Amino acid sequence: MIAKKQMGARYCFSRLLILFAVCMPLLADSIVSQGHLDELQRRYGEAAYQRGRQLQLILVEIASLSEHEKLVRVNDFFNQFTYVDDLENWQERDYWATPEEFIGRMRGDCEDYVIAKYFALREVGVPESKLFLTYVKATELNVAHMVLTYFEKPQSIPLVLDNYDLRVLPASERKDLLPVYSFNARTFFLTDTTAGVGTRVPTDKIKNSKWKALLNTLREGEK
205 MIAKKQMGAR YCFSRLLILF AVCMPLLADS IVSQGHLDEL QRRYGEAAYQ RGRQLQLILV
265 EIASLSEHEK LVRVNDFFNQ FTYVDDLENW QERDYWATPE EFIGRMRGDC EDYVIAKYFA
325 LREVGVPESK LFLTYVKATE LNVAHMVLTY FEKPQSIPLV LDNYDLRVLP ASERKDLLPV
385 YSFNARTFFL TDTTAGVGTR VPTDKIKNSK WKALLNTLRE GEK
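Numbered by the numbering used here, the letters in the sequence shown go through residues 205 to 427 in order.
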């Protein structure tokens with residue numbers, strides 16, 4: 205049973221790994237460019253436009269700050285949003301929202317928080333090599349969960365950006381999280397987040413089809 209769960213988790217998050225590798229160039233300009241702001245207003249209304257504008261201003265303001273300050277500000281912004289599972293939010297069991305959709309609705313599930321935080325931090329210059337989407341088990345709730353982790357150095361104890369506990373804390377202080385996998389657009393690891401990024405897992409043979417829906421959405425938004 206445990207092996208099946210691990211295989212399922214690896215499949216789910218390997219799909220997101222490929223999604224990020226493909227989608228990163230599409231969002232290289234900005235997650236809140238004027239085009240995105242106009243689309244937020246058109247699709248979601250004035251309040252969504254103002255949320256996007258607020259994020260845009262925050263990203264400009266924090267661009268020259270320390271990486272830790274960037275983590276805190278981005279984490280605080282997105283943690284104002286409401287947690288809603290995909291079935292309620294999108295009438296689908298596994299929907300990957302774009303940052304624009306997440307900002308527009310101001311609600312989403314754990315992966316939506318992480319995706320938006322990841323792209324926002326990349327935009328303000330936090331290196332990809334320091335940011336990892338980390339699949340964990342939230343032991344107190346006994347559920348699968350995703351958080352964003354930041355490694356100052358490869359063997360550092362990472363900081364955790366989460367929508368459950370709103371603070372940016374070292375992983376060693378998050379006894380409620382059991383790490384399983386970490387990845388970004390280029391790497392995929394079996395993870396022990398209390399002792400560095402862990403063991404690299406080959407990703408060259410990973411297959412995926414789910415990402416196409418989000419990829420098409422992102423491409424439409426660039427037109």
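Note that beta-carbon positions come from the ideal geometry of N, C-alpha and C, so glycine has one too.
Predicted, not measured: the structure shown is a model, and the values here were computed from it.
- By the C-beta criterion, the stretch 341-352 is judged not to be in contact with the stretch 281-289, since fewer than 3 inter-stretch pairs fall below 8 Å.
- With a beta-carbon spacing of about 5 Å, L244 and Y253 fall inside the 8 Å limit used to define contacts.
- Taking 3 residues as the shortest admissible run, the stretch 278-311 contains no complete beta strand (DSSP E) segment at all.
- Taking P374 as the centre and dropping the five residues before and after it, the same chain places the C-beta of I361, L363 closer than 7 Å to its C-beta, in chain order.
- Just so you know, the alpha carbons of F282 and F336 end up roughly 17 Å apart.
- For K321, there is no enclosing beta strand (DSSP E); the residue is found in the alpha helix (DSSP H) stretching over 314-327.
- Ranked by Cα distance from V276, the options N346, R255, I235, Y354 are led by Y354.
- The stretch 315-324 and the stretch 289-301 touch, with three or more beta-carbon pairs separated by less than 8 Å.
- Spanning the alpha carbons of N293 and Y248 requires a straight line of approximately 14 Å.
- Judged by their CB atoms, L365 and N279 are nearer to each other than the 9 Å cut-off.
- Counting of Cβ neighbours within 10 angstroms places P331 among the exposed residues, the total staying below 16.
- Spanning the alpha carbons of Q238 and G256 requires a straight line of approximately 9 Å.
- Assignment of beta-bridge partners to K341 by DSSP yields A348, L382.
- Out of E265, H272, I266, A251, the CA that lies nearest to the CA of V372 is found in H272.
- For K321 and L352, the gap between their C-alpha atoms comes out near 8 Å.
- A straight-line Cα-Cα distance of about 33 Å links E296 and L261.
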